[in-house]
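I have placed the structure first, in the form of structure tokens, so that the comments after it can refer back to it.
In this note's numbering, the protein residues as written are 227 to 540.
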């Protein structure tokens, strides 16, 4: 029995290709019907064991966030240790206000937003260009070059810190946000990811049709390759954005005394030299994480669809 037959008999069906075969409206109607029947996208009803496992992992991943909020809400630093830290206090907003006053929050937020946005846009653009070239253009040495790019992924970040630090100093970028932005303009993972995606998502026939119609190489890339790569680029943008937003190691080294340029480094300045008041430190961490949580709720659907598309292509 085909999917269409099952659809005609109003049986619960769903498949990853349903939208491609019958269109978005049919796929959306199928999802709504499965939701009413309490079934998964494969037409199966999950049992109690599935709910138990999902609940366990949900609580496991939520616990660090709860622990940070609990410590940030304590009335006194004496309650930041042991079992007492697991019980919510009543001073969350007071501690958030103290952390907000001790760091230059808006300056750090602006710097972090600029770094994360510029690096993410650049990574998506250059990675898609390189991925399109490796996946669909035939040129001498492409295999060796792609192998070299993938090989750089095996080099630990710590090994490149010293030469990168020397280069940034000689270029006069020490203490500047450009020292954080420039090294992240393109990543080997992004190139590999876009290459693998475009190999299957973009047929040669579309490229040849565009070239026959007179489109230039750049026009073909912009009008044909970029729309086909949209799910993967959305995933790459969001992962890069989150990675830059939470980046701490390299900004801490290269920003010098300009600690208030990024949220993660600014929040680290809340830690004292002899005694650490974790109620304030955790309040700074919450202030740092809160904009990212908002972004995830806004773009979470694109993130999940990009990951699922990558999983299907992989």
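All C-beta atoms in this analysis are idealised placements derived from N, C-alpha and C, irrespective of residue type, glycine included.
Enumerate in chain order the residues of its own chain whose CB-to-CB distance from residue i is below 7 angstroms, with the five nearest sequence positions on each side excluded.
i	result
residue 344	407
residue 348	411, 412
Mapping the DSSP letters down to three states, classify residue i as helix, strand or coil.
i	result
residue 461	helix
residue 364	coil
residue 300	coil
residue 313	coil
residue 305	helix
residue 330	coil
Ignore the nearest five residues each way along the sequence and tell me which others in residue i's own chain have a CB closer than 8 angstroms to its CB.
i	result
residue 391	479, 480
residue 379	414, 415, 418
residue 525	460, 464
Starting from the C-beta of residue i, find all residues in its chain whose C-beta is less than 6 angstroms away, skip the five residues before and the five after it, and write them out in chain order.
i	result
residue 468	none
residue 284	none
residue 314	296, 299
residue 540	In this predicted model, residue 540 has a pLDDT of only 44, less than 50, meaning its place in the structure is not dependable; the value taken from the coordinates is given anyway. The answer is none, since no qualifying residue turns up.
Out of the options, state which residue places its alpha-carbon closest to the alpha-carbon of residue i.
i	options	result
residue 372	383, 384, 380, 356	356
residue 460	383, 353, 437	353
residue 511	503, 523, 277, 494	494
residue 515	331, 458, 386, 405	331
residue 289	463, 302, 311	311
residue 472	504, 438, 335	335
residue 384	474, 517, 282	474
residue 324	520, 518, 517, 507	507
residue 317	486, 405, 301, 306	301
residue 427	436, 484, 523, 451	451
For a test of your reading of the model: does the CB of residue i fall under 7 angstroms from any non-hydrogen atom of the ligand ATP? Yes or no.
i	result
residue 470	In the structure shown, the ligand ATP is absent, as is every other ligand, since no ligand is present at all.
(Q) Taking 8 angstroms as the cut-off, does the region 355-364 touch the region 408-422 (at least 3 CB pairs, one atom from each stretch)? (A) yes
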